[in-house]
Each structure stands twice: as structure tokens, then as C-alpha cells.
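In the numbering used here, the protein residues as written are 925 to 1408.
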Amino acid sequence: MQSIKNKRLIRTGSFIAGHWHNSDAALNVYNPATGQLLATVSNAGTEQAIVAVDKAYAAQKLWATRTAGERSELLMAWHDAILQNIDDLARILTLEQGKPLAQAKGEVAYGASYVKWFAEEALRVYGDTIPAPSGDKRIVVLKQPVGVVGAITPWNFPNAMMVRKAAAAMAAGCTFVVKPSEETPLSALAVAALAQQAGIPDGVLSVVVSEDAQGIGEVLTTHPHISKFSFTGSTGVGKKLLAQCANGVKRTSMELGGNAPFIVMEDADQAAALSGLMSAKFRNAGQTCVCPNRVFIHRSIYDNFADKLQNKLGTLTIGPGLNDEVDIGPLINEKATSKIKALVERSLAMGAKVLYTLSAPLDGCYYPPTIMVNVNNQMPIARTEIFGPVATLIPFDSEQEVVELANDTEYGLAAYLYTRDVGRIFRMSEALAFGMVAINEGVVSNAASPFGGVKASGHGREGSKYGLDDYLNIKSLCLGGIDA
Ligand code: SIN
């Protein structure tokens, strides 16, 4: 952490209603590239989360009365502060999360693009007038902020996931209390410091850092002052949180697990498909919800494509994210590497084979990037979200077959399709049961596109012109007596 230039970004306590809270209880944050202790952060309890929610409730009344223009300007000031500190924020991110520095910088810029997007969208929360059923009536629709939003954000994008939720909530006139992952709290605390510097009023944004995921989760899903809960994380945890929200009938947005198919048709531009696969599969060491989990390749090009993939993977460098030449960093922790190892071993026992493995450093939480063949859609490696740098290749023979295979999963977040046939693009995109389909493109997400899934991948949309809807209530006014 000594290399961070702006020392005000290094925060080791929760940020609650404009105050930095330190306590005796502590949690340790480790660098996954080395296993060494990076920082010790105060470990907040549920009582601090309750204070944060109560303060957010009080602050929301005032925040909602600020004009859209004022909220927009404050968000834009936050955006500018984030970009001014991009180098330090990226370093903090790499140190606590492990991804290569260039990718960390990309994540900070990506997160900031949502802050800018929602600063602009704040100005466009339009209502409606609706033709009434009789001449003496008028119907007017207002959109109002839902209130206090509770959120839990993940360790795989500790900067971008936090700011993209917070910016949308704040733009809509909501206040926001977030618990970042205890693995990677430093990025969320650093952007909170910049929100304070940008002039975001006290109580509008609070960050509660705690190892007590269950206790804080309970506060953020059940406290009577919470109107809405937003979560990015695994489907298993998401289901529990959703059940907790049910009792209070809270509104929810759930960005959960994925099992993305990456489909390469026989008429695809193979070079484009290869480069799309490399970035989609190995970005963040495969630890993304939109990461291709099953690579379906038409049988007629399967061997050739597998050879090229192997050659390409062989050119990558794996190691600590702060090293300039590194393309793939460590996984987040030992639990993550053990989970992937078990998935691979169980699938090998069922007949899968390893085509290629890139050797990885022995120290630190590394999993060697791997290509597996002889895989079928029923093997654990194809049914479970891998969340690591293992590409599983599955051959297919027809369009109909591959759509059925792709949809044969409980998940429905992202899918990738490579073909040059425009009719096929529409037929297949419409038939794929996923919230997002990237066509001839390896990057599915940007601030202008709605991000979110269907089925067990969740509900709600982040980013885009739809992203504010999740934070707004629709109120209809029915006016009578107009003719009198
Ligand atoms: C995620 O993996 O959770 C988000 C990825 C993205 O926004 O691209």
C-alpha cells in the first residue's frame, strides 16, 4: 500500500453517514498474489449497519428534494474524482483482488462510466400523462425514489459493482448503504472517500465493512427503513437474501451466477471468435459472472479452433497483477482454487481430458489456465459456474442442437454467438434464454446496455436507460372533477 500516492484513499474503517468508524474488532485483507497481509480494517457489527440505515433514512428525505440537476452535478464531481485517482484506485484494486493492473484500470474507468451515465440519466426521470377513460378525469404518472437502498457487492469487481449500483440509486434520489465483500473492502472505501470529497452529502452513501455477512445481510434485507435491496453474487446466497426480503416485501435487484455459452458456428470469423473468447474467458482470471463457461464449437472447425486456442493461451503470462507483462493474475483465495480443482477432477473421472495447461506460479492463489476437451453438457465442469481460467470445449452439429444445449442450464445471464449469417443471428439470439447476447463480440457490458439476467441468474437491470427504473416507484395521480 506504500505505493499509493493519494494516502486519503487508504481507509481502514467503515464510512457511515460522513464519518469514518474504527473499532477494536478487525478483519484482515490479504494480497492474493502473495498471500501476505495487505491491511487490517475495522470489522463493523450489525449495530453499525443499523445506524447507517437510520442515517440513510433521515438523509434520503433531503436528498430527494435536491433538484435532479444538483444530484447530477454531484455525481459528475464524483466521476471526475474517480478518474483523477484512477492510477491509485487501480493499484488498490490489484493489490486486494489480484487482477492485472491494466485490467484494474479498465475496471475503474468502466465503473466511472456508469457514474457519468447515471449523472446524465438523473436529468431524464420523466413521468407521463395518460388519456383518461372519461372527459372529467386526467391521469398523471410520477416517478419517485424508492427510498433507502441496501446492497451487497462482490469481490470480483470491487470498484465497478459498487459504484454502478450506488450511482443509479443516488441519481434516482435514493440513499445507499452497501456492504462490500470482506475480501476486498479497500476499493469501496476508497471510492467512498472520493464521494465525500466530491461533496455528496453525509448519509447519502455509507459503506459498512464486516466479516459478519449474515448479520449485515439480515439488516440490509429486513430493516423496516430499507425499501430496496440490490445484490451481485452467487445464486445460492442470492436465493437466501431474496427469501429474507420477501417478508418485508422489499423491491429487489439480483445479479446472480451465470453459465454462459460461447457459440462458434461453422461460418464464423474464427480469428474474431478466438480473440473474443480469449478476452471473455480469461479476463479477471475467469472470475466474471458473464464469463464463457461452455465453449460450443461446430464439429467441422472444432480441431482447428482448439489448436489455435491452445497456441494463443500459450502466449499468455500468469503472475502477480502488478507485474507489467502479466495477463492473468491469481484467483481470490485458496477456496476458489480448490473448488475448480474438484470440478476438473470430477469431470476427468467422467471422461473429460485436459488438452493444454499453462503452468502457473507455485506460491499465491493461482490456478493454471486450462483447456478441456471431451466435455459434455452434463459434466460438473459444464453445469457449474467455474469462476476460473478453465475453457471447456464441446462440439455440436446443428443450430437447433446448440441452442438446446446452451439453454440446458438453470442460469440465463450472458451468451456469446459468432456467425456471419444475419438470419441466424436473429433466430439464435431470440431463442437463447439469456438476458444478454453478445454477437461477434467478446465484451457484453457497457453503461449504455442493460446488464442483467433471467432464470436463476436473477432479475433487474443495471446501466442503460432502464437502470434507473429499479430505483423508482411509479405513482399514478387520478384527477377528477376537471369538467366542473
Ligand atoms: C460480473 O461479473 O459480476 C460483472 C461483469 C461486468 O459488469 O462486465
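Beta carbons are placed, not taken as given, at the ideal position from N, Cα and C, and that holds for glycine. These numbers come from a predicted model, not from an experiment.
Report task. Answer with yes or no whether the minimum CB distance from Ile-1295 to chain D is below 8 Å. Result -> Among the chains in the structure shown there is no chain D, since it carries only a single protein chain.
**Report entry** DSSP state of Tyr-1280 mapped onto helix, strand, coil
**Finding:** strand
Query raised in the report: According to DSSP, what are the bridge partners of Ser-1177?
Result: Ser-1154
**Report entry** Separation of Thr-989 from Val-1250, as counted between CA atoms
**Finding:** 48 Å
Query raised in the report: the ligand SIN heavy atoms versus the CB of Pro-1078: any closer than 7 Å?
Result: Checking the Cβ of Pro-1078 against the ligand SIN gives yes.
Query raised in the report: Should Val-977 be labelled buried (16 or more other beta-carbon atoms within 10 Å of its own) or exposed?
Result: Burial check for Val-977: the Cβ neighbour count within 10 Å reaches 16 or more, so the residue is buried.
Query raised in the report: With a CB to CB cut of under 8 Å and the five nearest residues on each side skipped, what residues in its chain are close to Leu-1356?
Result: Pro-1185, Val-1327, Ala-1330, Asn-1331, Ala-1339, Leu-1341
Query raised in the report: Buried or exposed: where does Val-1346 fall if 16 or more other Cβ atoms within 10 Å of its Cβ makes it buried?
Result: Exposed: under 16 other Cβ atoms inside 10 Å.
Query raised in the report: Which stretch, first to last residue, makes up the alpha helix (DSSP H) that contains Asp-935?
Result: The question names Asp, but residue 935 is Arg in the sequence shown. Segment: none, Arg-935 is in no alpha helix (DSSP H) and carries neither H nor E.
Report task. Identify, in the order they occur along the chain, each residue of the same chain with its Cβ nearer than 8 Å to the Cβ of Pro-1431, setting aside the five sequence neighbours on each side. Result -> With the chain represented from 925 up to 1408, any question about residue 1431 goes unanswered, as that position is not in the structure.
Query raised in the report: What did DSSP end up calling Val-1070 once you bin it into helix, strand or coil?
Result: coil
Query raised in the report: Is any heavy atom of the ligand SIN found at a distance shorter than 7 Å from the C-beta of Val-1087?
Result: Not one heavy atom of the ligand SIN lies closer than 7 Å to the C-beta of Val-1087.
Query raised in the report: Does the ligand SIN have a heavy atom nearer than 7 Å to the CB of Phe-1042?
Result: no
Report task. Run the CB neighbour count on Ser-1058, radius 10 Å, all protein chains shown included, and call it buried at 16 or more, exposed below. Result -> exposed
Requested in this report: Indicate, with yes or no, if the ligand GDP has a heavy atom lying under 7 Å from the CB of Val-1214.
Outcome: The ligand GDP is absent from the structure shown, which contains only the ligand SIN.
**Report entry** Distance CB(Ala-968)-CB(Val-1101) smaller than 8 Å
**Finding:** No, Cβ-Cβ distance for Ala-968 and Val-1101 is not below 8 Å.
Report task. Compare the Cα-Cα distances from Thr-1426 to each of Pro-1374, Pro-1293, Ala-1371, Leu-1246 and report the closest residue. Result -> Residue 1426 lies beyond the residue range present for the chain, which begins at 925 and ends at 1408; the question has no answer from this structure.
Query raised in the report: I think His-1383 touches Gly-1391, with their Cβ atoms under 8 Å apart; what is that distance to the nearest whole Å?
Result: 13 Å between Cβ atoms; not a contact.
Query raised in the report: When the distance is taken between beta carbons, is Gln-1234 closer than 8 Å to Gly-1295?
Result: The sequence given here has Ile at residue 1295, not Gly. Result yes, Cβ atoms of Ile-1295 and Gln-1234 sit closer than 8 Å.
Query raised in the report: So what does DSSP say about Ala-1192, is it helix, strand or coil?
Result: In the structure shown, Ala-1192 adopts coil according to DSSP, grouped into three states.
Query raised in the report: Measuring CA to CA, which of Thr-1053, Asp-1060, Cys-1098 is closest to Gly-1074?
Result: Cys-1098
Query raised in the report: Leaving out five residues before and five after Gly-1427 in sequence, what residues of the same chain have Cβ atoms less than 7 Å from its Cβ?
Result: Since the first residue of the chain shown is 925 and the last is 1408, residue 1427 is not available in this structure.
Report task. Leaving out five residues on either side along the sequence, give the residues of the same chain with a beta carbon under 7 Å from the beta carbon of Leu-961. Result -> Asn-952, Tyr-954
Query raised in the report: What is the DSSP secondary structure of Thr-1108, reduced to helix, strand or coil?
Result: coil
Requested in this report: Report the residue from Asp-1321, Ser-1151, Phe-1311, Ala-941 whose alpha carbon sits nearest the alpha carbon of Ala-973.
Outcome: Ala-941
Query raised in the report: Quick one, which of Gly-1366, Asn-1183, Leu-1144, Val-965 has its alpha-carbon nearest Asn-1171's?
Result: Leu-1144
Requested in this report: Can you tell me the Cβ-Cβ gap for Ser-912 and Met-1303, rounded? I've got them flagged as a contact below 8 Å.
Outcome: There is no way to answer for residue 912, as the model of the chain reaches only from 925 to 1408.
Query - Completely contained beta strand (DSSP E) runs for the region 1107-1142, where each covers 3 or more residues - result: Those beta strand (DSSP E) runs which fall completely within the region 1107-1142 and span 3+ residues are 1129-1131.
Requested in this report: Measure the alpha-carbon distance for Lys-1399 versus Leu-1013 and round it to whole angstroms.
Outcome: 40 Å
Query raised in the report: Would the beta-carbon of Ser-1369 be found less than 7 Å away from any heavy atom of the ligand SIN?
Result: yes
Query - Spatial distance of Asn-1364 from Gly-1312 (CA atoms) - result: 23 Å
**Report entry** Nearest-angstrom Cβ-Cβ length linking Ala-1043 and Ser-996, presumed shorter than 8 Å
**Finding:** That belief holds up - the Cβ atoms of Ala-1043 and Ser-996 are roughly 5 Å apart, short of 8 Å.
Query - Bridge-paired residues (DSSP) for Pro-1319 - result: Ile-1221
Query raised in the report: When DSSP labels each residue in this structure, what does Arg-1062 get in the three-state scheme?
Result: It is a strand residue.
Report task. Go ahead and label Asp-1394 buried or exposed: buried means 16 or more other beta carbons lie within 10 angstroms of its beta carbon, across all protein chains shown. Result -> Taking all protein chains in view, the Cβ of Asp-1394 is crowded by 16 or more other Cβ atoms within 10 Å, so the residue is classified as buried.
Query - Environment of Tyr-1291 [buried if 16+ CB atoms lie within 10 Å] - result: buried
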